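Colleague:
Protein chains in written order, with my numbering: chain A, 44 to 142; chain D, 51 to 327.
(1) Who pairs with residue 129 of chain D in a beta bridge, going by DSSP?
(2) Going along the chain, which residues of the region 99 to 120 of chain A sit with their C-beta nearer than 7 Å to a C-beta in chain D?
(3) Rounded to whole angstroms, what is the Cα-Cα separation between residue 73 of chain A and residue 190 of chain D?
(4) For residue 121 of chain A, tell me which candidate among A:63, A:110, A:139 and A:105 has the shortest Cα-Cα distance.
(5) What is the residue span of the alpha helix (DSSP H) that residue 291 of chain D lies within?
(6) Roughly how many angstroms lie between the CA atoms of residue 326 of chain D and residue 66 of chain A, to the nearest whole one?
(7) Checking 8 Å against the spacing of the C-beta atoms, do residue 164 of chain D and residue 87 of chain D come in under that value?
(8) Reducing DSSP to helix, strand and coil, say where residue 208 of chain D ends up.
(9) Have a look at residue 169 of chain D and residue 60 of chain D and give me their C-alpha separation to the nearest angstrom.
(10) Name the chain A residues that come within less than 9 Å of residue 167 of chain D, Cβ to Cβ?
(11) Is the CB of residue 188 of chain D under 8 Å away from at least one CB in chain A?
(12) Per DSSP, what kind of secondary structure is residue 72 of chain A in: helix, strand or coil?
(13) Nearest-angstrom Cα distance between residue 127 of chain D and residue 184 of chain D?
(14) Going straight from the alpha carbon of residue 132 of chain A to that of residue 106 of chain A, what length do you get?
(15) Output the boundary residues of the beta strand (DSSP E) element that contains residue 112 of chain A.
(16) Which residue marks the beginning of the alpha helix (DSSP H) containing residue 64 of chain D, and which one marks its end?
(17) Whole angstroms is fine: what's the gap from residue 205 of chain D's alpha carbon to residue 76 of chain A's?
(18) Which complete alpha helix (DSSP H) runs does the region 158 to 201 of chain D hold, if anything under 4 residues is left out?
(19) CB residue 79 of chain A to CB residue 103 of chain A, shorter than 8 Å?
(20) Since I believe residue 216 of chain D is in contact with residue 247 of chain D (beta carbons under 8 Å), could you give me their beta-carbon distance rounded to a whole number of angstroms?
(21) How long is the line joining the alpha carbons of residue 315 of chain D and residue 221 of chain D, rounded to whole angstroms?
(22) Less than 8 Å separating the beta-carbons of residue 91 of chain A and residue 249 of chain D?
(23) Closer than 9 Å, Cβ to Cβ, to anything on chain A: give me those residues from the region 243 to 268 of chain D, in chain order.
(24) For the region 232 to 284 of chain D, which segments carrying the alpha helix (DSSP H) assignment without a break, of at least 4 residues, lie completely within its bounds, in sequence order?
(25) What residues from chain A crowd round residue 215 of chain D, counting only those whose CB sits closer than 8 Å?
(26) For residue 105 of chain D, name the three-state secondary structure that DSSP assigns.
(27) Residue 136 of chain D versus chain A: which residues are under 8 Å apart at the beta carbon?
(28) Residues in the same chain with beta-carbon distance under 7 Å from residue 260 of chain D, minus the five sequence neighbours each way, listed in chain order, please.
(29) Do we get a CB-CB distance below 8 Å when we pair residue 170 of chain D with the residues of chain A?
(30) Less than 8 Å between the CB atoms is what I'm expecting for residue 265 of chain D and residue 308 of chain D, so what's the real figure, rounded?
(31) Mapping the DSSP letters down to three states, classify residue 120 of chain D as helix, strand or coil.
(32) Would you list the residues sitting across from residue 105 of chain A in a DSSP beta bridge?
(33) Could you tell me the alpha carbon to alpha carbon distance between residue 167 of chain D and residue 270 of chain D, rounded to whole angstroms?
(34) Going by alpha carbons, who is nearest to residue 87 of chain A out of A:62, A:129, A:57 and A:61?
(35) So, at 7 Å on beta carbons, what are the nonlocal neighbours of residue 137 of chain A in its own chain, with the 5 sequence-adjacent residues on each side left out?
(36) Could you tell me the alpha carbon to alpha carbon distance between residue 274 of chain D and residue 111 of chain D, rounded to whole angstroms?
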């Protein structure tokens with residue numbers, strides 16, 4: 044978001060970051076956050092795992108597990124697809140820019 | 051029963067927003083979605099506070115369901131069109147639930163909120179009020195609802211269809227990945243269950259695949275047409291989606307949804323569990 048320092052995701056109370064593998068980030072288009080985008084998490088075989096809608100600030104978040112994942116975004120103004128790998132528990136930030 | 055009897059397109063919905071006797075109902079997991087914008091005239095059902103007993107783990111009873119629908123202004127003769135987020139998971143759950151209590155004419159909006167939004171169709175935050183009705187429900191139709199003992203007895207005998215993601219089926223994850231993973235029950239699946247994720251029944255825009263594609267999908271996965279079927283997931287909502295595909299779209303007989311699903315089965319003492327990780 045315009046060079047602002049990356050921020051930690053807002054997490055529900057009681058989440059143990061030592062154990063959870065959190066994939067998170069923001070969806071944007073031309074630098075502006077995109078709320079209401081559909082972000083889909085696919086596993087290493089390309090199978091659907093989960094889907095969320097981005098928040099008012101364009102943010103999404105998944106509780107995944109270590110491994111290879113694909114993020115696929117649909118919105119009426121564009122789409123984007125990115126592969127990502129999580130090596131262990133912790134936070135993994137992936138910014139997604141609609142094309 | 052055919053596809054046209056149970057599923058309506060977004061075009062049809064847009065043309066029937068003001069048709070007397072047609073009531074749109076939004077059902078979401080994120081129950082704040084409705085308040086931010088909904089299809090014009092649609093009323094909201096909260097799957098947790100409206101459809102679940104608030105003390106026991108069970109559904110609201112017949113009298114409570116009657117009071118709920120009466121207050122929402124839904125009549126026995128109305129055509130109820132359900133839609134929601136999450137690829138219609140909770141709308142499909144509500145569809146099954148309306149059928150459980152014997153509502154006559156209920157349909158799903160194909161693609162739900164997602165397809166509607168991707169199409170750029172209008173949503174409004176305007177408040178909706180409908181005149182109260184005197185709704186009368188029927189006794190639960192238990193031919194479409196499975197309980198735990200029946201599920202245990204079905205191992206190796208009936209089709210058990212686990213519609214969760216492969217990682218939940220194998221035991222790698224305990225819940226869909228948009229939810230926290232810390233839970234007390236065991237991970238894995240019911241022995242002899244097929245893993246046919248609900249998502250294989252849907253296109254990426256949330257609409258259902260064609261009847262031919264669905265028939266091929268379940269045939270290829272080894273679903274035996276000659277046997278009764280029980281579908282389950284984590285809490286019974288995704289399995290409602292698959293129940294809809296099998297029972298309402300493909301016309302399979304004797305298909306039940308196990309609403310206790312993995313959060314019940316995976317906490318039972320002494321039952322067999324398979325885990326692949």
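Cβ coordinates follow ideal geometry from the N, Cα and C atoms, glycine included. Remember, predicted model here, so these are calculated numbers, not experimental data.
Modeller: This is what the structure gives:
(1) D:72 and D:155
(2) 105, 106, 107, 108, 117 and 119
(3) 53 Å
(4) A:139
(5) 288 to 293
(6) 24 Å
(7) no
(8) coil
(9) 9 Å
(10) 79, 81, 96, 118 and 119
(11) no
(12) strand
(13) 11 Å
(14) 10 Å
(15) 110 to 118
(16) 60 to 65
(17) 49 Å
(18) 162 to 168
(19) no
(20) 7 Å
(21) 13 Å
(22) yes
(23) 247, 248, 249, 250, 252, 254, 255 and 256
(24) 261 to 270
(25) 86, 90, 91, 92 and 93
(26) coil
(27) 94
(28) none
(29) yes
(30) About 23 Å; that fails the 8 Å criterion.
(31) helix
(32) A:66
(33) 33 Å
(34) A:129
(35) 66, 68, 114, 125 and 127
(36) 34 Å
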